[in-house]
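One structure below.
2 protein chains.
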Amino acid sequence: MPGELPHPDRSEIQLTDVLFALSDPERLAIARQLVDGPLDMAACHATDPDLPKSTKSHFMKVLREAGVIRNEPNGRRRMLTLRRDDLDARFPGLLESVLRG
Amino acid sequence: MPGELPHPDRSEIQLTDVLFALSDPERLAIARQLVDGPLDMAACHATDPDLPKSTKSHFMKVLREAGVIRNEPNGRRRMLTLRRDDLDARFPGLLESVLRG
DNA sequence: TCTGTGGTTCGAGAATCATCGAACTGTTGG
DNA sequence: CCAACAGTTCGATGATTCTCGAACCACAGA
């Protein structure tokens, strides 16, 4: 398990990738839960709790590769962060409208 | 070819469906071209001009079923309209941020 | 009415995406 | 050092989605 996973640079974030990542209800729920601040992956219970961990990990991968979240090692855990600054800079107003509800 | 195609009511439009519909570059380009007003489908050259018409029709179907556009008969043609009012009412700010560029 | 035009629908194949178990990997605590 | 924990990666299978040709359909014009 590589400690550091690849993240797209701010300038590389594509709008269509972001929209696709958020077009799934479970992934959208994850993003919404991160609005209030970073969260350990284990503490992220936005998804079905008895979902296999490989599936949950896959959700995170899609969100990470799209540039929606950061996923960084934190001890033996993973810290998830919404890339609010990057997304606001690149697509002003998008997050606010999508995560509202 | 049924003259009137089914469109979701404003209250039925789902955010995830809208995001998915706009998560494809070609479909996003179509939506962007409709910002300036309705357009006959034949006049909509946002997509590759030598794209098969069945494929183009499929793009329109995805956008229509998601509630992004209206597709209404207009003589022997089809008039495409961005559902700006409905989308703005349901997801304020979303369209503005997505279609900017 | 017959024909052309603009567009939808159907069906099939290719491509992509989702889901999950199993194996693997850093990290911490004992 | 060793065992357990948290999470990733791999591989396979199934489900969606894309793409396109062919058939079909409605309207407008000659």
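Which chain is which? The protein sequence lines are A and B, in order. If you're matching positions, the first sequence starts at 1116 in our numbering and goes up one per residue. If you're matching positions, the second sequence starts at 1116 in our numbering and goes up one per residue. Glycine is no exception: its CB is placed at the ideal position from the N, C-alpha and C atoms. Computed from a predicted structure; not experimentally measured.
Under the Cβ distance rule, A:F1174 does not count among the residues neighbouring chain B, no pair being separated by less than 7 Å. B:I1145 places its beta carbon less than 7 Å from that of B:A1161.
Here B:P1121 is not bridged, per DSSP, to any residue. A:R1198 and A:I1184 do touch by the CB rule: their CB atoms are close to 6 Å apart, below 8 Å. In this structure, DSSP gives B:L1149 a helical state, which the three-state scheme calls helix.
Listed in chain order, the beta strand (DSSP E) elements of length 3 or more contained wholly in the region 1141 to 1212 of chain B are 1184 to 1189 and 1192 to 1197. Contact of A:L1120 with chain B is not assigned, every C-beta pair being separated by 7 Å or more. The DSSP-derived three-state label of A:L1137 is coil. A contact between stretches requires three or more CB pairs, one per stretch, nearer than 8 Å, and the region 1132 to 1147 of chain B meets this requirement with the region 1171 to 1183 of chain B. Pairing B:L1120 with A:S1212 gives a Cβ-Cβ distance that is not under 7 Å. Residues of chain B with a Cβ closer than 7 Å to the Cβ of A:T1131 are, in chain order, S1138, D1139, P1140 and L1143. Interface annotation, B:S1212: in contact with chain A, CB-CB separation under 7 Å.
When the five nearest sequence neighbours on each side are left out, the beta carbons in the same chain lying within less than 6 Å of the beta carbon of B:L1154 are those of L1195, in order along the chain.
Spatial neighbours of B:L1143 in its own chain (CB-CB distance under 7 Å, excluding positions within 5 residues in sequence) are listed in chain order as L1137.
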